[in-house]
Amino acid sequence: MLYVIGLGLSDERDITVKGLEAVRSSERVYLESYTSILMVDKQRLEDFYGKEVTIAYRETVESCSDEILKDADKINVSFLVVGDPYGATTHTDLVIRARELGVPVKTIHNASIMNAIGATGLQLYAFGQTISMVFFTDSWRPDSFYDRVKENSAIGLHTLCLLDIKVRE
């Protein structure tokens, strides 16, 4: 079984009871570490969960998913995601790959920035399309986000802007 588990937004104690049970039943535990940053280090997770946690960088998840999915049809494997598991398309891709390999998948949701934004006092229904703003490079400066912000503004909606991060720099 592949468990895809949302960790919530802050620390090791934000995991749900169901998520914690899944982690503790797993032979391997991976922490996705490139779409968001947890506010505690890996050691605190390992101490609280009672399991060794392997950091899964972008390359691991996108190019070496076979490593994560190895034997997951016979043993429990947990894939931990800060926030909710389906906030990034990469996680959906991992689930699709697992299903193609005949690996059963169970998703355990948690809080994410998509619902925590309500803490600003702005109601969720008053938001339009969410956009992502990536780091520009010398040869790549996407501006497609601008049109979404403009469209949202034109119909009186707020825009949640997700900013790119660099976790290994």
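The opening residue of the sequence shown carries number 94 in my numbering; numbering runs sequentially from there.
Positions of the beta carbon are idealized from the N, C-alpha and C atoms, including for glycine.
These numbers were taken from a predicted model, which means no experiment stands behind them.
- Distances from the CA of Asn203 to each of Lys259, Phe172, Ile108 were compared; the closest alpha carbon is that of Ile108.
- Residues Leu102 of the same chain have their beta carbon placed closer than 8 angstroms to that of Ala209, with the five preceding and five following residues left out of the count.
- In the three-state scheme derived from DSSP, where H, G and I count as helix and E and B as strand, Met226 is classed as strand.
- If you draw a straight line from the Cα of Val146 to the Cα of Thr213, it is about 33 angstroms long.
- It is roughly 21 angstroms from the alpha-carbon of Met226 to the alpha-carbon of Leu215.
- For Ala212, there is no enclosing beta strand (DSSP E), as DSSP marks it with neither H nor E.
- Under DSSP, Glu125 shares a beta bridge with Ala149.
- With contacts defined as CB atoms closer than 8 angstroms, Gly143 and Arg121 fail to qualify as a contacting pair.
- Around Thr223, the same chain offers Leu253 as residues with beta carbons nearer than 6 angstroms, after the five sequence neighbours per side are excluded.
- Leu187 and Ile148 do not touch by the CB rule: their CB atoms are close to 15 angstroms apart, not below 8 angstroms.
- Comparing alpha-carbon positions, the option among Ala115, Leu173, Lys167, Tyr218 lying closest to Leu194 turns out to be Lys167.
- A Cβ-Cβ distance of about 11 angstroms is found for the pair Glu152 and Thr183, leaving them out of contact under the 8 angstroms criterion.
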